[in-house]
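Q: So for the sequence shown, the UniProt record's numbering puts the first residue at 1; every next one is plus one. Cβ coordinates follow ideal geometry from the N, Cα and C atoms, glycine included. This structure is a prediction, so every number in the text was calculated from the model and none was measured.
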Amino acid sequence: MTVLAGLSGAHAILLATQLCATGNVAPLPHLQAQFPGCLPLERLLRIILSFLPESIEPQTYTSVLEQLVEGPSSDFAAGDIDVSATQSLPEAVARKRVRKLRLLPLRYHDDEDSGPSDLLTQFLIHRAHRIDFETGLQPLILDLLLPFYHRSPRVRTWLISSILPLLRLNYEYYPSQDETFSLDTLESLDDQTAINIFLSMTSPQKDKMDMVRNLRGLVGAWIYGGNRSKRRRLNEAANQSAISLPEDNDRPKTTTGVVWQQVNEWLLSHSLVDHENVVNAYTQWRGPEDVDLGGYEEESQHLSQDERTDLRTRYGQSGLAVIYASPDTSRSALEGSIQILTHVAELLGLEESLLAVSEDSPVPAVTFDAGEIPSTSRVSLLQNALLSNSNPLTRPSASSISFLSAILLSLQVLDNLGYPIPCRQAANLCLHSNDEMQLLELRTTLSSIAQHPKSGRNWQKIRQQLLWLRDWQRESSEQTAKHSTCHGLFWNISRDVVEIEILRALLEAREYQLAVDIYTKASPAPLSPAQVEQAVKDAIFTAYDNASNGNRTRGGMKKAFDILQAFRPHFPGSISFQQIQSLISATHALSFYSLTLQHGVPFQPVSIRVHSDPLSLIEKVLDQNPRSYTKLDDLLFIGRNLVEAGLPSSTAEDQSSPSGTALSPPKDAVVTAERRIMSLAISSALSADDFGTAYSYILTRLTPPSLLPTTSPLTNPDIKDDISWRAVYNAGRYRAPASPAAPSLQTQITQLSQRMELLSLALTLVPYPDPLPEILGAWRRCDEEMAVLRTRESAEEEAWDAKGDTLTLSAVPGGFGPTDTEQDAFDTRRQHAARIRAQRDRSHLEDAPMGLFEVARGAARALQKNVNANVNMHSFPLRGAQPHAHADPNNDDDDLTPSSAGSRVRKRDVVSNMVTGGLASGIGWVLGAQPVNRS
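1. In angstroms, rounded to a whole number, what distance separates the CA positions of residue 671 and residue 699?
2. Alpha carbon to alpha carbon, how far is residue 26 from residue 317?
3. Which two residues bound the contiguous alpha helix (DSSP H) that contains residue 992?
4. Alpha carbon to alpha carbon, how far is residue 866 from residue 764?
5. Quick one: what does DSSP say residue 367 is sitting in, helix, strand or coil?
6. DSSP three-state label for residue 58, please.
7. For residue 222, is the classification buried or exposed, using 16 other Cβ atoms within 10 angstroms of its Cβ as the cut-off for buried?
8. Compare the Cα-Cα distances from residue 746 to each of 144, 683, 797, 543 and report the closest residue.
9. Considering only their Cβ atoms, is the gap separating residue 144 from residue 128 smaller than 8 Å?
10. Work out the CA separation of residue 409 and residue 345 for me, nearest whole Å.
11. Just tell me which of 13, 84, 30 has its CA closest to the CA of residue 102.
12. Please report the straight-line C-alpha distance between residue 579 and residue 614, rounded to a whole angstrom.
13. Please state the DSSP three-state secondary structure of residue 180.
14. Residue range of the alpha helix (DSSP H) that residue 756 falls in?
15. What distance in whole Å lies between the Cβ atoms of residue 162 and residue 187, which are believed to be in contact at a cut-off of 8 Å?
16. Can you tell which of 289, 294, 487, 295 has its C-alpha closest to the C-alpha of residue 304?
17. Alpha helix (DSSP H) containing residue 383: first to last residue?
18. What does DSSP give as the partner residue(s) for residue 596 in the beta ladder?
19. Can you give the Cα-Cα distance for residue 429 and residue 446, rounded to whole angstroms?
20. Apply the 10 Å Cβ neighbour rule to residue 501 and answer buried if 16 or more other Cβ atoms are within range, or exposed otherwise.
21. Please list, in chain order, all residues of the same chain as residue 643 whose beta carbon is under 7 Å from its beta carbon, the five residues on each side excluded.
22. Which term fits residue 171, buried or exposed, when burial requires 16 or more other beta carbons within 10 angstroms of its beta carbon?
23. Quick check on residue 728: does DSSP put it in helix, strand or coil?
24. Which residue from 619, 319, 563 puts its Cα closest to that of residue 977?
25. Can you grab the Cα-Cα spacing for the pair residue 638 / residue 590, in whole Å?
26. How should residue 19 be labelled, buried or exposed, when 16 other C-beta atoms within 10 angstroms of its C-beta is the threshold for buried?
27. Should residue 86 be labelled buried (16 or more other beta-carbon atoms within 10 Å of its own) or exposed?
28. Which term fits residue 724, buried or exposed, when burial requires 16 or more other beta carbons within 10 angstroms of its beta carbon?
29. Count the C-beta pairs between the stretch 93-101 and the stretch 172-180 that are closer than 8 Å, then say yes if the count reaches three, no if not.
30. Across the stretch 334-345 and the stretch 365-380, are there enough close Cβ pairs to call them in contact, namely three or more that are closer than 8 Å?
31. Quick check on residue 38: does DSSP put it in helix, strand or coil?
32. Tell me the DSSP secondary structure of residue 631 in three-state form.
33. Is residue 434 buried or exposed, if buried means 16 or more other CB atoms sit within 10 Å of its CB?
34. Of the choices 157, 349, 394, 328, whose alpha-carbon is the least far from that of residue 264?
35. For residue 274, which three-state DSSP category applies?
36. Per DSSP, what kind of secondary structure is residue 214 in: helix, strand or coil?
Here it is as structure tokens:
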């Protein structure tokens, strides 16, 4: 005590500052005891705060702080204090130096948590900030606080919520990072910012446990200090410029609950970019109750039972929200979603609501009380509504767990089928889609399955799974679907429609035998025969329309043909299948010809089905394939099949005739098509200057009905033939093109004779009287040309005969010229022949002319069989035409007709004679001769 004797209060203050500056703070409690008035606790703590170096180990002065707070120990030796430097100072000097001292305040300038009487807490917080600012040795802060945290709840809260996260960030979790966090920086963060920093330090490239560790050690410790006034002030400032996801009435009531809700929001948003880490966080972390506070406090000590229940429920809701929000359709993401759901159910004691798949049955029968789930709207699946406390889809309950479990099981089924979709899409499909949207999704699913075939795929199992997806029941039925409160993904679609779509998928996957077994042989049959037939027909036409080649052994045509062959035996009376058979046959036959449509578009099978007049394609075949007209039987086969396929075959000529006759009956469409094709072939032959082929087709194919066998379809008198006569007439008008090598006179006469025969046949085939003058005019011109050729022929014959006589008498070697008697006899015979010809000509000119109209009337009467009953004969008001004989229908030889003398004459000759006689008499009538035998 004598050491301190004689010291004034100023000297004691200077001595305390000297002891702190030298790091010898042990005498301070004894010094305070000697000078309690000059060195109160606040002043002494400020001296220590201002002059004690921050780098000194806290263990050297924490005991001194305890003594200052609790009182000095009695075993301190005063001789240990060195007062020499202070004792020699005059009192005035000492006072002056004391007035110049600048002591730091106990309260840290940014600390508002300490009360005015808690001097030690203020000192510790300020001292910690000084250590961090001056030295950066943050572990010294922990050593400073450890002796005192159990005394002050505020120090303990600050230690856990600020110092512990700071030390873990800089020294334990991320010691190798370039920049470290300072205490001031950490303390300036609001909750939202701090949570983003703590959790964003994890990444997919780092350890998967980083996020779990940060949630436990950083976020959990940080939220422990959520009730600090400084933290509340920072949060209020941040909330003024930010809008949180949940609505105000859905936010937790406590500050801790609000911060943990922000963690849930972060996990939900981060799951969209790093789903794997978030899944690991939910499976390895048990929520807000699973935190690491360093052993300084038990979490349960500052949370009530209601708070823990609310936090646990909201954490489980965020897990369900993560499942709904995930856009990832990979199998690993689906498995992660199942793990989250299982973890949430176990955490909340709802394990019984999970659906399990047994080995005996690949899909379970789903039965649960859906509650409010069916009444939810599309808004409930939006991200900003998933964490709403009133959302029945994510609010953990038996209904929400069971429903989501069924959705995830459905996603597993779809993934196994090769059509993965997100959970949100599946839930929206189940709850908010109408029948059209569900049907579209079902077709997309089936199309994906059929387009990605796998070897050994069990389509029987696939069918069961698709039916289960409809109503989540093993034994699906309409009654079950209507009365069940838990519907499947496609519950709006009737079972028949689902079966039809499955049948189409089987056909698309070429599972023809299985489709036949299920839908035609099973008992009871899933579909009616009419439904099966229509579905098969649609599948055939789909394959047919998608075919690029008409050959039925390749591509889509082969597929269409195979489907037809598989099902046609089970539908023997199906008209549709018969028509499809004809269509495929016609298409296959057309594939052997080169055919290009307009604008260079190559021919495809679908062109037949969409064409307004498929028979016109045969005309293109004839135009684009040289000498294809020689394959008339093949073309007729194509035409018959096109008509039998039920395709339209009408043309402008078929729709109406100049005389106003009605259309041919449908049963005669084949005959009309054949005539049209033959007409096209004849025209093609004429275009190729092949008159012989055209003439042959006319004689063998287009003979008048009265001369055809009774078994021929052309003998049908009800068919109004407006095609054949035009083809015959065009052939009759044919003229060979000029060529350097002129044909012989006999060739010209032969061809002209054939043309006249064709024109006569055209008169026989014409079904109405209007074209008769035109045909007769053409025939007259041919007859005039024939007369010229005959005259030339006669002149050439006479010249040849004369030449022969001359050569016989004089040109033969050894011969002599004719005698006078022989020459006179030769001249007499020649004059006699000339007189006979002159008399014959005069006799012909004296006959009465009948005129072209009488010839036409006679031709019309001769062809009365082929004239329509509604043709008015008053159109030909001529008299005196002689009737002509026709063939007896019972006569075996239809090509012959009896003449007046009883001999058999060809009908062709009858017509030819009639027309020839009419033209000749007509010419006489024009000359003014009077007709003979008028009576």
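A: So, from the listed chains and residues:
1. Taking the first residue of the sequence shown as position 1, residue 671 is located at position 671. Taking the first residue of the sequence shown as position 1, residue 699 is located at position 699. Cα to Cα, residue 671 sits roughly 17 Å from residue 699.
2. As a first step, residue 26 is located in the sequence shown; it is residue number 26 there, counting from the start. As a first step, residue 317 is located in the sequence shown; it is residue number 317 there, counting from the start. Straight-line Cα distance between these residues: approximately 57 Å.
3. Because the chain in this structure spans residues 1 to 935, residue 992 falls outside the shown range and cannot be described.
4. The count along the sequence shown starts at 1 and reaches residue 866 at position 866. The count along the sequence shown starts at 1 and reaches residue 764 at position 764. Residue confidence is low: residue 866 scores 44 on pLDDT, short of 50, so the model does not pin down where it sits. Its coordinate-derived value is still stated next. So the alpha carbons of these two residues sit roughly 7 Å apart.
5. As a first step, residue 367 must be located in the sequence shown, where it is residue number 367. Looking at residue 367 - three-state DSSP - the assignment turns out to be coil, as it is neither helix nor strand.
6. Here residue 58 corresponds to residue number 58 of the sequence shown, with the count starting at 1. It is helical.
7. The sequence position of residue 222 within the sequence shown is 222, counting from 1. The residue is buried, with at least 16 neighbouring Cβ atoms inside 10 Å.
8. Numbered from its first residue, the sequence shown carries residue 746 at position 746. Selected option, being the one with the closest Cα: 797.
9. Against the sequence shown, residue 128 aligns to sequence position 128. Against the sequence shown, residue 144 aligns to sequence position 144. Result yes, Cβ atoms of residue 128 and residue 144 sit closer than 8 Å.
10. Counting from 1 along the sequence shown, the entry for residue 345 is found at position 345. Counting from 1 along the sequence shown, the entry for residue 409 is found at position 409. Cα to Cα, the separation comes out at about 16 Å.
11. Within the sequence shown, residue 102 is the residue found at index 102, counting from 1. Out of 13, 84, 30, 13 has the C-alpha closest to the C-alpha of residue 102.
12. Locating residue 579 in the sequence shown gives position 579, where the first residue counts as 1. Locating residue 614 in the sequence shown gives position 614, where the first residue counts as 1. When rounded, the distance between both Cα atoms is 14 Å.
13. Residue 180 sits at position 180 when you count from the first residue of the sequence shown. Correct three-state label for residue 180: coil.
14. Stepping through the sequence shown from its first residue, residue 756 is reached at position 756. Secondary structure note for residue 756: its alpha helix (DSSP H) is the uninterrupted segment 745-765.
15. Taking the sequence shown and counting its residues from 1, one reaches residue 187 at position 187. Taking the sequence shown and counting its residues from 1, one reaches residue 162 at position 162. So it is a contact: roughly 6 Å between Cβ atoms.
16. By 1-based counting over the sequence shown, the position of residue 304 is 304. It is 289 whose Cα lies nearest to the Cα of residue 304.
17. Within the sequence shown, the letter at position 383 stands for residue 383. No alpha helix (DSSP H) contains residue 383, which DSSP labels as neither H nor E.
18. Reading the sequence shown from its first residue, position 596 is the one you call residue 596. According to DSSP, residue 596 bridges with 602.
19. For this step, residue 429 is matched to residue 429 along the sequence shown. For this step, residue 446 is matched to residue 446 along the sequence shown. Straight-line Cα distance between these residues: approximately 16 Å.
20. Residue numbering aside, residue 501 sits at position 501 when the sequence shown is read from its first letter. Flag for residue 501 reads buried.
21. Counted from its first residue, the sequence shown places residue 643 at position 643. Its chain contains 649, 669, 670, 673 as the residues whose beta carbon lies nearer than 7 Å to that of residue 643, once the 5 sequence neighbours on both sides are disregarded; these appear in chain order.
22. For the purposes of this step, residue 171 is identified with residue 171 of the sequence shown, where counting begins at 1. Flag for residue 171 reads exposed.
23. What you label residue 728 is simply residue 728 of the sequence shown in a count that begins at 1. Note: residue 728 maps to helix in three-state DSSP.
24. It is not possible to answer for residue 977, since the shown part of the chain is limited to 1 through 935.
25. The sequence position of residue 638 within the sequence shown is 638, counting from 1. The sequence position of residue 590 within the sequence shown is 590, counting from 1. Rounded to whole angstroms, residue 638 to residue 590 spans 7 Å at the Cα level.
26. Start at 1 with the first residue of the sequence shown, and residue 19 comes out as number 19. Per the 10 Å Cβ criterion, buried.
27. As a first step, residue 86 must be located in the sequence shown, where it is residue number 86. Buried.
28. Here residue 724 corresponds to residue number 724 of the sequence shown, with the count starting at 1. Buried, because 16 or more other Cβ atoms sit within 10 Å of the Cβ of residue 724.
29. no
30. No, the stretch 334-345 is not in contact with the stretch 365-380.
31. On the sequence shown, position 38 is the one that residue 38 refers to. Residue 38 falls in the coil class under three-state DSSP.
32. Mapped onto the sequence shown, residue 631 falls at position 631. In the structure shown, residue 631 sits in coil (DSSP, three-state: anything other than H, G, I, E or B).
33. Here the question's residue 434 lines up with position 434 in the sequence shown. Counting other Cβ atoms within 10 Å of its Cβ, residue 434 stays below 16 and is therefore classed as exposed.
34. Here residue 264 refers to the residue found at position 264 of the sequence shown. The residue with the shortest Cα to Cα distance from residue 264 is 394.
35. Working through the sequence shown from its first residue, we reach residue 274 at position 274. Taken through DSSP and simplified to helix, strand or coil, residue 274 comes out as coil.
36. For this step, residue 214 is matched to residue 214 along the sequence shown. If DSSP states are grouped into helix, strand and coil, residue 214 belongs with the helices.
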